[in-house]
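Undergrad:
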Amino acid sequence: MKIYCGKDYKEMSRIAAKIIAAQIIMKPDCVLGLATGSTPVGAYENLVEWYKQGDLDFSQVTSVNLDEYRGLSGDNDQSYRYFMNKNLFDHVNIDKSRTFVPNGLEPDSGKACSEYDGIIESVGGVDLQLLGIGHNGHIGFNEPADEFCKGTHCVDLTASTIEANKRFFEKEEDVPRQAYTMGIGTIMKAKKILLVASGADKAEIIAKSLTGPVTPQVPASILQFHNDVTVVCDEAAFSKLK
Ligand code: PGA
């Protein structure tokens, strides 16, 4: 596992963006596993800037996102499809028909999940998977559980996740209670993983995930078993790592 520590959010974002840019340059037709949440926004801003300067070309890139709220359509401004369009896809030359997010509007969860697994398989799996981390150690929407889930599945969001995400909604009742998420098995099959974390409120879970016991109660702890993980933090998120 490689760990890079930037001094603040800005530096952390730049380091993370460089790793993603290097992937695109090395393999222009790569499959990027992308993430939402506030942490990756700065990295996406850097990628957009480098694209505008002519240093990056997304024309052959395929992307698969980690998760989507169940019940939200792509034009709902709280959906993760909307987030990806707004923060990255609308500003670069990626072919939108090759950007994939679970279908939040498919009410049949078995169908939504098997279709998404089929998409990931058909694009040949993920070359570089970007991950944020929740305060409870979730990656994607893989919440603490009794076992690690392999494929895409429908999850009930925990109280802590609803609490953390309510800042994006008008009121807490508006936060969807379920989501479709890529499974831990799929995340672990990515060739490379890039985990980003920022802020003192992430320090404890970063230390626990990277150095504590591997357990489905701390989903990110499974990353200790992946052979190509890069963690990019700022000093605050790094502060409890020995
Ligand atoms: P955040 O979310 O980047 O908004 O902190 C991370 C996550 O919950 O995966």
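In terms of my numbering, the sequence shown opens at residue 17 and continues consecutively.
Backbone N, C-alpha and C define an ideal beta-carbon position, used for all residues, glycine too.
Taking the alpha helix (DSSP H) that isoleucine 35 belongs to, which residues open and close that run?
TA: Unbroken alpha helix (DSSP H) run through isoleucine 35: 25 to 42.
Undergrad: Assuming contact is defined by CB atoms lying nearer than 7 Å, are glutamate 163 and proline 118 in contact in what I supplied?
TA: Taking 7 Å as the Cβ cut-off, glutamate 163 and proline 118 do not qualify as a contacting pair.
Undergrad: Cα-Cα, which of Arg183, Thr168, Arg193, Glu186 is closest to alanine 175?
TA: Arg193
Undergrad: What I want to know is whether the C-beta of serine 113 ends up closer than 6 Å to one or more non-hydrogen atoms of ligand 1.
TA: no
Undergrad: Anyone know if the C-beta pair for methionine 28 and serine 214 falls short of 7 Å?
TA: yes
Undergrad: What residue ranges within the region 132 to 170 form continuous beta strand (DSSP E) runs of no fewer than 3 residues, ordered along the chain?
TA: 144 to 147
Undergrad: At a cut of 8 Å, does the region 73 to 91 reach the region 43 to 55 through at least three beta carbon pairs?
TA: yes
Undergrad: May I ask you to report which of helix, strand or coil DSSP gives cysteine 129?
TA: helix
Undergrad: Quick check: what's the CA-CA separation for alanine 128 versus glutamate 65?
TA: Pairing alanine 128 with glutamate 65, the inter-Cα distance amounts to about 34 Å.
Undergrad: Is any non-hydrogen atom of ligand 1 found closer than 6 Å to the C-beta of serine 54, if you look at the structure I gave you?
TA: yes
Undergrad: Would you identify the three-state DSSP class for valine 57, choosing helix, strand or coil?
TA: helix
Undergrad: Classify glycine 126: buried if its beta carbon has 16 or more other beta carbons within 10 angstroms, exposed otherwise.
TA: exposed
Undergrad: Is glycine 199 a contact residue of ligand 1, with contact defined as CB to any heavy atom under 6 Å?
TA: no
Undergrad: Taking all protein chains shown into account, decide if threonine 227 is buried (16 or more other Cβ within 10 angstroms of its Cβ) or exposed.
TA: exposed
Undergrad: Does aspartate 111 come out as helix, strand or coil in the three-state DSSP assignment?
TA: Three-state DSSP puts aspartate 111 in coil, outside helix and strand.
Undergrad: Please identify the residue among Gly58, Ser225, Arg183 whose C-alpha is closest to the C-alpha of asparagine 152.
TA: Ser225
Undergrad: Out of curiosity, what's the CA-to-CA distance linking glycine 150 and glutamine 233?
TA: Each residue's alpha carbon lies about 12 Å from the other.
Undergrad: Determine, using beta carbons only, whether leucine 104 and serine 95 come nearer to each other than 7 Å.
TA: no
Undergrad: How big is the Cα-Cα spacing for isoleucine 178 and valine 191?
TA: 6 Å
Undergrad: Compare the C-alpha of aspartate 217 against each of Ile110, Ser130, Tyr98, Ala253 and name the closest.
TA: Ala253
Undergrad: Run through DSSP, which three-state label would glycine 49 get?
TA: strand
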